[in-house]
Amino acid sequence: MTQLKALIFDVDGTLAETEKDGHRIAFNHAFAEANLNWYWSDSLYGELLEISGGKERIGYYLQQYHPEIKESLESLIPQLHQAKTNHYRRLLSSGEIQLRQGIKRLITEAYNEGIRLAIATTSALPNALALLEKHLNSDWFEVIAAGDIVPNKKPAPDIYHYVLTKMNLSPEECLVFEDSFQGLQAAYQANLKTIVTLHDYTKEQDFSLASLVLNHLGEPENNFKIIKGDIKSEGYFDLALAKLLVK
Ligand code: XBP
Ligand code: MG
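Numbers in the numbering used here are just positions in the sequence shown, counted from 1, shifted up by 37.
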């Protein structure tokens with residue numbers, strides 16, 4: 038029997054729905070501030086989300102939509118991304134973006150029970166910290182693996198390998214929480230079991246490799262719906278259920 042030792046959380050889309058009303062808005066502010074008439078609509082952003090990482094996403098957008106821009110990309114992309122990070126942090130500090138159902142409850146329960154906690158995100162570190170500091174306690178997370186800390190972003194498994202090495206844990210002792218196909222691929226390739234919580238941008242993606250797919254983690258008064266998985270009843274995702282899933 039394997040014992041659950043750690044929970045590893047993705048940030049964007051998993052802890053909170055940060056993309057549509059957070060990152061997307063911040064990118065658009067950064068473009069406008071730089072006098073660029075680029076605008077990432079909700080539907081265009083859904084397409085661009087296939088590329089993980091803000092800098093990589095801008096690079097992909099330029100290749101696809103403005104191939105004529107070839108000069109000074111090496112400085113333009115990091116400058117835009119830095120401006121975007123500043124806008125994003127301001128947006129988060131205003132408190133407009135809330136945690137998803139069940140996140141605070143589960144993380145608090147895990148911390149109180151001595152289950153180790155980590156973050157594995159493609160987002161830049163300041164962005165991940167902004168959300169944790171606003172709504173949770175960043176000190177509770179033993180490892181916060183973010184952004185460029187590994188050479189290859191999700192769907193590569195590097196960020197999960199990094200977390201496992203830092204925590205000296207084997208994949209069987211951990212459970213991962215993700216929201217996207219790319220995130221699930223990353224965790225799966227690192228042999229980690231993954232619970233996926235869907236949202237509008239990811240609800241049509243293929244999650245056949247997930248251990249469990251839910252609409253959200255649920256609360257006692259607002260139970261989750263099971264999209265895929267072998268658990269019997271509806272309810273809310275707590276440590277007891279997490280422990281059952283690693284057995
Ligand atoms: C998150 C991302 C990030 C954010 C933007 O993916 O892809 O790129 O959209 O963050 P995941 P930065 O949830 O799979 O980690 O601009 O800070 O890169
Ligand atoms: Mg995500």
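From the three backbone atoms N, C-alpha and C, an ideal C-beta is built for every residue, glycine too.
Would you report the Cα separation of residue i and residue j, rounded to the nearest angstrom?
i	j	result
I133	E56	As written in the sequence, residue 133 is Glu, which differs from the Ile given in the question. Straight-line Cα distance between these residues: approximately 13 Å.
E108	N174	42 Å
I196	A155	11 Å
V48	A69	26 Å
V283	L249	12 Å
P163	R94	18 Å
I144	G151	11 Å
W140	L52	For the record, residue 140 in the displayed sequence is Ile; it is not Trp. Rounded to whole angstroms, I140 to L52 spans 6 Å at the Cα level.
L110	A227	33 Å
E215	K280	17 Å
I114	K191	20 Å
K121	F64	5 Å
D267	A165	32 Å
F46	R126	20 Å
D185	V200	14 Å
E271	L278	11 Å
H118	S112	10 Å
V213	Q101	33 Å
On a CA-only basis, which of the options is nearest residue i? Give me that one, please.
i	options	result
L81	P208, R61 and L251	R61
V180	A157, A193 and P192	A157
L73	A53, E215 and L99	L99
Y273	H172, A193, R137 and S207	R137
S160	F46, L221, S89 and H236	S89
A167	L282, G59, T39 and A43	G59
A193	N260, L221 and A71	L221
M204	Y238, R153, A224 and S130	R153
H124	H66, Y225 and P104	H66
G50	K240, L41, R126 and K262	K240
Q135	N149, L169, Q119 and P104	L169
N149	E271, F178 and L254	F178
Could you name the residues of the same chain whose beta carbon sits closer than 8 Å to that of residue i, not counting the 5 residues immediately before and after it, in chain order?
i	result
D243	F218
Q116	A71
L85	W77, R94, Y97 and Y98
Starting from the C-beta of residue i, find all residues in its chain whose C-beta is less than 7 Å away, skip the five residues before and the five after it, and write them out in chain order.
i	result
E256	Q138, G139, R142 and Y273
I264	L235, V250, L251 and N252
N259	Q138
Y225	T231 and L246
E146	D275 and L276
Whose C-beta lies closer than 6 Å to the C-beta of residue i among residues of the same chain, with five residues either side of it excluded?
i	result
E209	T39
K171	L129
- Query: Can you give, in chain order, each stretch of the alpha helix (DSSP H) that sits fully within the region 79-118 and has at least 4 residues?
  - Reply: 79-85 and 91-102
- Message: Ignoring anything shorter than 3 residues, give me the beta strand (DSSP E) runs that lie fully in the region 178-220, in order along the chain.
- Response: 180-183 and 211-215
- What are the complete beta strand (DSSP E) segments, minimum 3 residues, inside the region 239-266? 249-251 and 263-265
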